[in-house]
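Chemist: Using this note's numbering, the first residue of the sequence shown is number 1, and each one after it goes up by one.
After the structure tokens below, expect a handful of questions from me.
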Amino acid sequence: MAQWDGQVCCLSIAKEKPLSTRVIIVRHGESTFNVQERVQGHSDASLLTERGRWMAAQVGLALRGIPIRKIYTSPLKRAQETAEVIHAQLQNPELKPPHALDLLKEIALPAWEDLPFAEVKAQFPEDYRRWQEAPETLMMKITTESGQTKEFFPLLDLYDRAGMVLETLLAAHANETIVIVGHSGMNRALICTGLGLGVKGYLRLQQANGGISVLNFSNGLRQPAQLEALNLTSHLNDPFPQPRFKEQTLRVFLVRHGETDWNREGRFQGQIDVPLNENGRAQAAAVAEFLKDVPFHHAVSSPLLRPKDTALAILQYHPHVQLELEPALAEISHGDWEGKFEPEVEAAYPGELERWRTTPALVQMPNGENLEQVRDRVVKAWELWLKRWKTNAPTPHNVLVVAHDATNKVLLCHIVGLGIENFWLFKQGNGSVTVIDYPLKGGLPRLQAVNITTHLGGVLDRTAAGAL
1 MAQWDGQVCC LSIAKEKPLS TRVIIVRHGE STFNVQERVQ GHSDASLLTE RGRWMAAQVG
61 LALRGIPIRK IYTSPLKRAQ ETAEVIHAQL QNPELKPPHA LDLLKEIALP AWEDLPFAEV
121 KAQFPEDYRR WQEAPETLMM KITTESGQTK EFFPLLDLYD RAGMVLETLL AAHANETIVI
181 VGHSGMNRAL ICTGLGLGVK GYLRLQQANG GISVLNFSNG LRQPAQLEAL NLTSHLNDPF
241 PQPRFKEQTL RVFLVRHGET DWNREGRFQG QIDVPLNENG RAQAAAVAEF LKDVPFHHAV
301 SSPLLRPKDT ALAILQYHPH VQLELEPALA EISHGDWEGK FEPEVEAAYP GELERWRTTP
361 ALVQMPNGEN LEQVRDRVVK AWELWLKRWK TNAPTPHNVL VVAHDATNKV LLCHIVGLGI
421 ENFWLFKQGN GSVTVIDYPL KGGLPRLQAV NITTHLGGVL DRTAAGAL
């Protein structure tokens, strides 16, 4: 079996570059073991509940109309039935029934499977702690077919299988869209492998039952994918995934401002104070409606007009919340590029646009900033705000932050532990919402959802793809 460490090279993907393979990743619907809070793993005793079948149907309806070439699924019953229901709902007579791949099975936890989580925690306290804090170090003893006992590392085995799945399917589906129906652990391993996060990303991503994620690959696994969306749940009547530990969570809603004329035209705006256009105001209104039931406690925005007006539109439903302005959240300064179209930049600075698209961390904007400078100011301000939000915070605690494409991407790299060379991994559409949970009692932040644009129409991000 080929070895796979979950790591890929750190070249970046420009959003303007053609994307050759779209991989839509779905977690199975709610299962009996999910309800009973039992460990599932490779166990096939867990079946879809009635709600789980409804979830699968809603996924199919949400994906209807997308040109899907093939559906792959784990052979475990809870995933396979989810895939079959999705296939039926797509109503595409040319699409063959789901193809089961053994490699897509959930993470194997042989010592724990079928047990309630509470019993696992009581019987295996040290191993359970490892699983919660450093799952790559969890080891179990297994007996081989020859009767020998050997050490087995569940997470490393999972990543090994995820890497082989992506290598195989990306080679087979250039310029096509495919669907993979899997499990919480397997899906996180697939996404982490595609993004180059490796095992360190496993605890930083969430996968809800029936959640939809979208990865775009332009060059197989030779460079990381673009995360178009993570863990969408709007189709399940949940605007965003529920916190894992609601009473102990600081939840940040990170929003990108609505569209401007310069976004639509592909003109670099940077720190030029371009206002929202008509579509941008409509997007701000849609975000406001999407978030109106969230009980916000604080709201912070970049001081530029486009995020500030987006934030004010959202806060019309939250009149008790005062908007605070943070200059450090302003968009990257493009310096002499600002106000220019891409052909003008290319003419004045030959080759620099390609460097920006492929090695953004190495580009110094003439009379402007580089990404290191942006990261330094944004992360410093972010950590200060986090400290303030966490101090004497009510629980649960919800915060609204409205900023820009570049500042949001730099923040996301910081949150998942990636360097700024990975700037292009995250898509941030105009009017998109990203949800980040911080445990108030310590621990890693978790991306619950990234780049939600379903309130603007559909699973896929169809917002403007112009310059920053």
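Using N, Cα and C, we set each Cβ at its ideal position, and we do this for glycine too.
Note that the coordinates shown come from a computational prediction; the quantities given were computed from them, not determined experimentally.
Rounded to whole angstroms, what is the Cα-Cα separation between residue 212 and residue 344?
Modeler: Approximately 39 angstroms, taken between the alpha carbons.
Chemist: Could you tell me if residue 174 is buried or exposed, where buried requires 16 or more neighbouring beta carbons within 10 angstroms of its beta carbon?
Modeler: By the neighbour-count rule (16 or more Cβ atoms within 10 Å), residue 174 is not buried but exposed.
Chemist: Just to confirm my understanding: we take residue 413, look at its own chain, exclude 5 residues before and 5 after, and list those with CB closer than 8 angstroms. What are they?
Modeler: Cβ within range, chain order: 375, 419, 420, 422, 423, 425 and 426.
Chemist: Whose CA, out of 120, 113, 60 and 230, lies closest to the CA of residue 461?
Modeler: The candidate whose alpha carbon is nearest that of residue 461 is 230.
Chemist: Secondary structure at residue 55, three-state DSSP: helix, strand or coil?
Modeler: In this structure, residue 55 counts as helix in the three-state DSSP scheme.
Chemist: State the Cα-Cα distance for the pair residue 130 and residue 151, rounded to the nearest angstrom.
Modeler: Cα-Cα distance, rounded: 16 angstroms.
Chemist: Select from 392, 90, 330 and 443 the residue whose C-alpha is nearest the C-alpha of residue 368.
Modeler: Considering only alpha carbons, the answer is 330.
Chemist: Nearest to residue 217 by CA position, among 205, 239 and 193, is which residue?
Modeler: It is 193.
Chemist: According to the Cβ coordinates, are residue 133 and residue 41 closer than 7 angstroms?
Modeler: No. Outside cutoff.
Chemist: Within the same chain, show all residues whose beta-carbon is closer than 6 angstroms to that of residue 2, passing over the 5 residues directly before and after it, in chain order.
Modeler: Bear in mind that a pLDDT of 32 at residue 2, under 50, signals an unreliable position, so the model cannot answer this.
Chemist: Just to confirm the assignment, what range does the beta strand (DSSP E) spanning residue 164 have?
Modeler: Per DSSP, residue 164 belongs to no beta strand (DSSP E); it is in the alpha helix (DSSP H), 154-172.
Chemist: Write down the C-beta distance between residue 410 and residue 378 rounded to the nearest angstrom, noting that I regard them as a contact closer than 8 angstroms.
Modeler: That belief holds up - the Cβ atoms of residue 410 and residue 378 are roughly 5 angstroms apart, short of 8 angstroms.
Chemist: Rounded to whole angstroms, what is the Cα-Cα separation between residue 372 and residue 361?
Modeler: Roughly 7 angstroms separates the two Cα atoms.
Chemist: Measuring only the C-alpha atoms, how far is residue 253 from residue 91?
Modeler: Rounded to whole angstroms, residue 253 to residue 91 spans 35 angstroms at the Cα level.
Chemist: Applying the 10 Å Cβ sphere with the 16-neighbour rule, what's the burial state of residue 56?
Modeler: Buried, since its Cβ has 16 or more Cβ neighbours within 10 Å.
Chemist: Extract the residue ranges of the alpha helix (DSSP H) inside the segment 18-88, only unbroken runs of 4 or more that lie entirely within it.
Modeler: You should have 32-36 and 50-63.
Chemist: For the alpha helix (DSSP H) that contains residue 126, what are its first and last residues?
Modeler: It spans 125-133 - the alpha helix (DSSP H) in which residue 126 sits, taken as one unbroken run.
Chemist: Near residue 457, which residues of its chain fall below 7 angstroms by C-beta distance, leaving aside the five closest residues on each side in sequence?
Modeler: So the list is empty, once near-sequence residues are dropped.
Chemist: Take the Cβ of residue 407 as the centre, count every other Cβ of all protein chains shown within 10 Å, and call the residue buried at 16 or more, exposed below.
Modeler: Label assigned to residue 407: buried.
Chemist: For residue 176, which of 219, 139 and 239 has the nearest alpha-carbon?
Modeler: Comparing Cα-Cα distances from residue 176 to each of 219, 139 and 239, the minimum goes to 219.
Chemist: Is the closest heavy atom of the ligand COA to the C-beta of residue 233 under 6 angstroms?
Modeler: Annotation note on the ligand COA: not contained in the displayed structure, which lists no ligands.
Chemist: Pull up the DSSP beta-bridge partners for residue 364, would you.
Modeler: Bridge partners of residue 364: 370.
Chemist: In the DSSP output, which residue or residues are listed as bridge partners for residue 106?
Modeler: Answer by DSSP bridge pairing: none, since residue 106 is not bridged.
Chemist: Using CA atoms only, rank isn't needed, just tell me which of 430, 82 and 263 is closest to residue 481.
Modeler: Because the chain spans 1 through 468 in this model, residue 481 falls outside it and cannot be assessed.
Chemist: In angstroms, rounded to a whole number, what distance separates the CA positions of residue 436 and residue 104?
Modeler: Taking the straight line joining both Cα atoms gives about 27 angstroms.
Chemist: To the nearest angstrom, how far is the alpha carbon of residue 197 from that of residue 416?
Modeler: C-alpha separation (whole angstroms): 8 angstroms.
Chemist: In the segment 245-280, which residue ranges form an unbroken alpha helix (DSSP H) of at least 4 residues, counting only runs that do not cross its ends?
Modeler: The segment 245-280 contains these whole alpha helix (DSSP H) runs: 261-265.
Chemist: Which word fits residue 96, buried or exposed, when buried means at least 16 other C-beta atoms lie within 10 angstroms of its C-beta?
Modeler: Label assigned to residue 96: exposed.
Chemist: Starting from the Cα of residue 251, find the closest Cα among 463, 102 and 386 and give me that residue.
Modeler: For residue 251, the nearest C-alpha among the options comes from 386.
Chemist: For residue 200 and residue 29, I'd like the C-alpha separation in whole angstroms.
Modeler: The straight-line gap from Cα to Cα measures roughly 26 angstroms.
Chemist: Do you know whose CA, among 325, 468 and 266, lies nearest residue 341's CA?
Modeler: Cα-wise, what sits closest to residue 341 is 266.
Chemist: Just verifying my parser: in three-state terms, what is the DSSP assignment at residue 291?
Modeler: Three-state DSSP puts residue 291 in coil, outside helix and strand.
Chemist: Rounded to the nearest angstrom, what separates residue 468 and residue 195 at their Cα positions?
Modeler: For residue 468 and residue 195, the distance between alpha carbons rounds to 22 angstroms.
Chemist: Anyone know if the C-beta pair for residue 190 and residue 25 falls short of 7 angstroms?
Modeler: Contact: yes.
Chemist: How close, in whole Å, do the beta carbons of residue 169 and residue 72 come, if the pair is a contact with beta carbons under 8 angstroms?
Modeler: About 7 angstroms separates the two Cβ atoms, so the contact holds.
Chemist: Counting along the chain, where does the beta strand (DSSP E) carrying residue 182 start and finish?
Modeler: From DSSP, the beta strand (DSSP E) with residue 182 extends over 176-182.
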